[in-house]
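Novice: In UniProt numbering, the protein residues as written are 1 to 459. Note that beta-carbon positions come from the ideal geometry of N, C-alpha and C, so glycine has one too. Keep in mind it's a predicted model, so treat the numbers as computed, not measured. Encoded as structure tokens, here's the structure I'll be asking about.
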């Protein structure tokens, strides 16, 4: 299948699942496994002592993993076509733009603009989405000078909005979308690490124990670990704390390296397996994700470990028996190592948790991401125009999918009073889930429309 489809599908799954998890009905109508494990219903009070993960807790690491896997694919070509300083400038520019995106999109939300948002506030939110369109869209067929003029004008209006608008609590550079700030840091450090170690993946992996050492000893007063951990030139844009997600990003770059190798191989080097082969691989990949999510949430630790080892053994045996391509064997080997490592780390830090994130969480979700990528690739090999293709369309434009809900759909519903009827749907479990499905469906439709029009938002 197309080299991008499985990766775009993983990214698309992550972004749509993120939208779904934020749009289902909160409160007592849905079970605890429909929310972050540490923020259970009915009151959704954060409990850092509560171990376990749910499907919601897989969303962010899957997106991070897909980001890491994209670095080799994007930067390899740039380094071949451009001098290294231009690639470094691109990486720095991407970081700055993502930080701006995090600050602007947070302030563009009506509830940030006003304590009691009016129709005007909601319309301004939609206007901010239009500004974002001109800031980040790439007009391939437009006159380059006109496209640049529109982009600069949009950024100028955006900065003017942040500077002059009377926000409910005033403008604050520290008020930003922390998810995007984390992604900005990963885009910067992950890309730089890949560039420096592109020919030596073992060195890349070797960076992680040093990151771990800084975290584990960061509370030792007067230590260099504490100094490195606490240092920040601008806390609103960088904290060493964010670098914990390198434990997911760096394994993602390894997957990206293998994708790049597969792209360079000629079709004759790989024989095409049967649909039965792909179906079996997909079922085992999905099965490992479902098994571990359910059992780690329910804390069936011994059963989960035994069942996971059995499924992994079956998958390894099946790939060997089928003489599968090296790409699949590599994904399974890496996924196996990380998943089992994470399961053995579960006893550390009070059990696997997203918040505060634990080493078990990084390794388990990183391992499951390998198996999710494997499953999407296998499903896409069976049918190039089905479920995976649709997810891939959403994954090609994640910035649109991420902002369309808060800056288009919610403002439209609130400005027209549809929001009252929409939330009334969630009075029971079925309605509460349907509410999220409808919301996510509209966001997805907007995203796919932009993709079909080739209106890609890029940093």
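Which of helix, strand or coil does DSSP assign to residue 457?
Specialist: Walking along the chain shown from the start, residue 457 turns up at place 457. If DSSP states are grouped into helix, strand and coil, residue 457 belongs with the strands.
Novice: Under 8 Å between the Cβ atoms of residue 246 and residue 208?
Specialist: Taking the chain shown and counting its residues from 1, one reaches residue 246 at position 246. Taking the chain shown and counting its residues from 1, one reaches residue 208 at position 208. Their beta carbons are under 8 Å apart, which means residue 246 touches residue 208 by this criterion.
Novice: Answer yes or no: do residue 52 and residue 341 have a C-beta to C-beta separation smaller than 8 Å?
Specialist: Sequence index remark: in the chain shown, residue 52 carries index 52 (1-based). Sequence index remark: in the chain shown, residue 341 carries index 341 (1-based). It is not a contact, given that the beta carbons lie outside the stated cut-off.
Novice: Could you check what DSSP says for residue 1 in three-state terms: helix, strand or coil?
Specialist: Here the question's residue 1 lines up with position 1 in the chain shown. Note that residue 1 has pLDDT 43, beneath the 50 cutoff, so the model's placement of it is unreliable and the number below is only indicative. Reduced to three states, the DSSP call for residue 1 is coil.
Novice: Look up residue 137 in the DSSP assignment and say whether it is helix, strand or coil.
Specialist: On the chain shown, position 137 is the one that residue 137 refers to. Taken through DSSP and simplified to helix, strand or coil, residue 137 comes out as strand.
Novice: Pick out whichever of 244, 280, 57 and 139 has its Cα sitting closest to the Cα of residue 353.
Specialist: Translated into positions along the chain shown, residue 353 becomes position 353. Per the Cα distances, 57.
Novice: Does chain C have any CB closer than 8 Å to the CB of residue 52?
Specialist: Absent here is chain C; the protein component of the structure consists of one chain.
Novice: Report the residue from 15, 144, 301 and 28 whose alpha carbon sits nearest the alpha carbon of residue 43.
Specialist: Here residue 43 refers to the residue found at position 43 of the chain shown. Comparing alpha carbon positions, the residue from 15, 144, 301 and 28 closest to residue 43 is 28.
Novice: Got a sec? Which residues, its chain only, sit under 8 Å from residue 250 by beta carbon, not counting five neighbours each side?
Specialist: Working through the chain shown from its first residue, we reach residue 250 at position 250. 68, 190, 193, 204, 205, 207 and 208, listed in sequence order.
Novice: If distances are taken between C-alpha atoms only, which option among 5, 23, 133 and 97 comes closest to residue 441?
Specialist: For the purposes of this step, residue 441 is taken as residue 441 along the chain shown, with counting starting at 1. For residue 441, the nearest C-alpha among the options comes from 23.
Novice: Is the number of C-beta pairs between the stretch 6–24 and the stretch 321–331 that are closer than 8 Å three or more?
Specialist: no
Novice: Quick one: grab the DSSP three-state call for residue 100.
Specialist: Counting from 1 along the chain shown, the entry for residue 100 is found at position 100. It is helical.
Novice: Please list the segments of the alpha helix (DSSP H) lying wholly inside the stretch 134–176, counting only runs of 4 or more residues, in order along the chain.
Specialist: 144–164
Novice: Expressed to the nearest angstrom, what Euclidean distance is found between the alpha-carbon atoms of residue 1 and residue 173?
Specialist: Mapped onto the chain shown, residue 1 falls at position 1. Mapped onto the chain shown, residue 173 falls at position 173. Only weak support exists for where residue 1 lies, its pLDDT of 43 falling under 50; the value from the coordinates is given anyway. If I take the Cα positions, the gap works out to 44 Å.
Novice: How is residue 80 classed by DSSP in three states: helix, strand or coil?
Specialist: On the chain shown, residue 80 is found 80 positions in, with the first residue counted as 1. It is helical.
Novice: According to DSSP, is residue 460 part of a helix, a strand, or is it coil?
Specialist: The question about residue 460 has no answer here: the residues shown for the chain are numbered 1 through 459.
Novice: Find the nearest neighbour of residue 350 within the set 299, 370 and 79, judged by alpha-carbon distance.
Specialist: Here the question's residue 350 lines up with position 350 in the chain shown. If we check each option's Cα against that of residue 350, 299 comes out closest.
Novice: In chain order, what residues of the same chain have a beta carbon less than 6 Å from the beta carbon of residue 150, not counting five sequence neighbours either side?
Specialist: Residue mapping note: residue 150 aligns to position 150 of the chain shown, counting from 1. Taken in chain order, the residues that qualify are 134.
Novice: Excluding five sequence neighbours on each side, which residues of the same chain lie with their C-beta closer than 6 Å to the C-beta of residue 400?
Specialist: In the chain shown, counting from the first residue as 1, residue 400 sits at position 400. Cβ neighbours of residue 400 beyond the five flanking positions: 447, 450 and 457.
Novice: Measure the C-alpha to C-alpha separation of residue 219 and residue 211 and round it to an integer number of angstroms.
Specialist: One-based indexing of the chain shown puts residue 219 at position 219. One-based indexing of the chain shown puts residue 211 at position 211. Near 14 Å, if we compare the C-alpha coordinates of residue 211 and residue 219.
Novice: For residue 407 and residue 398, I'd like the C-alpha separation in whole angstroms.
Specialist: As a first step, residue 407 is located in the chain shown; it is residue number 407 there, counting from the start. As a first step, residue 398 is located in the chain shown; it is residue number 398 there, counting from the start. Each residue's alpha carbon lies about 14 Å from the other.
Novice: Could you give the first and the last residue of the continuous alpha helix (DSSP H) run that contains residue 236?
Specialist: Translated into positions along the chain shown, residue 236 becomes position 236. It is not in any alpha helix (DSSP H) - residue 236 carries neither H nor E in the DSSP assignment.
Novice: Go through its chain and collect everything with a Cβ distance to residue 258's Cβ below 6 Å, but skip five positions before and after it.
Specialist: For this step, residue 258 is matched to residue 258 along the chain shown. Result list for residue 258: 327 and 330, in chain order.
Novice: Curious, which full-length alpha helix (DSSP H) runs of at least 4 residues does the stretch 21–101 contain?
Specialist: 56–81
Novice: Express the C-alpha separation of residue 164 and residue 91 in angstroms, rounding to a whole number.
Specialist: Here the question's residue 91 lines up with position 91 in the chain shown. Here the question's residue 164 lines up with position 164 in the chain shown. Going from the Cα of residue 91 to the Cα of residue 164 covers about 30 Å.
Novice: Do residue 102 and residue 128 come within 8 Å of each other at the CB atom, strictly closer than that value?
Specialist: On the chain shown, residue 128 is found 128 positions in, with the first residue counted as 1. On the chain shown, residue 102 is found 102 positions in, with the first residue counted as 1. Result no, Cβ atoms of residue 128 and residue 102 do not sit closer than 8 Å.
Novice: State whether the stretch 374–392 contacts the stretch 411–431, with contact taken as three or more CB pairs (one from each stretch) at a distance under 8 Å.
Specialist: Under the 8 Å Cβ criterion, the stretch 374–392 does not count as touching the stretch 411–431, having fewer than three qualifying pairs.
Novice: Assign residue 401 to one of three DSSP states: helix, strand, or coil.
Specialist: Within the chain shown, residue 401 is the residue found at index 401, counting from 1. Helix.
Novice: Roughly how many angstroms separate the alpha carbons of residue 272 and residue 322, rounded to a whole number?
Specialist: Along the chain shown, read from residue 1 onward, the residue named residue 272 stands at position 272. Along the chain shown, read from residue 1 onward, the residue named residue 322 stands at position 322. One C-alpha to the other measures close to 11 Å.
Novice: How about the stretch 355–369 and the stretch 58–66: do they share at least three Cβ pairs that are nearer than 8 Å?
Specialist: yes
Novice: Report the three-state DSSP secondary structure of residue 184 (helix, strand or coil).
Specialist: One-based indexing of the chain shown puts residue 184 at position 184. In the structure shown, residue 184 sits in a helix (DSSP, three-state: H, G or I).
Novice: Going along the chain, which residues of its own chain have a beta-carbon closer than 7 Å to the beta-carbon of residue 201, five neighbours each way excluded?
Specialist: Position 201 of the chain shown, counted from the first residue, corresponds to residue 201. Here the set comprises 254 and 257.
Novice: Which residues bound the alpha helix (DSSP H) around residue 461?
Specialist: As shown, the chain starts at 1 and ends at 459. That puts residue 461 outside it, with no answer to give.
Novice: Would you mind working out which of 87, 79 and 17 sits nearest residue 54, comparing C-alpha positions?
Specialist: What you label residue 54 is simply residue 54 of the chain shown in a count that begins at 1. Measuring from the Cα of residue 54, the nearest candidate turns out to be 17.
Novice: Around the Cβ of residue 143, are there at least 16 other Cβ atoms within 10 angstroms (buried) or fewer (exposed)?
Specialist: Position 143 of the chain shown, counting from 1, holds the residue named residue 143. Under this definition residue 143 is an exposed residue.
Novice: Taking residue 216 as part of the alpha helix (DSSP H), name the residues at either end of that continuous run.
Specialist: Mapped onto the chain shown, residue 216 falls at position 216. Run containing residue 216: 201–216, per the alpha helix (DSSP H) assignment.
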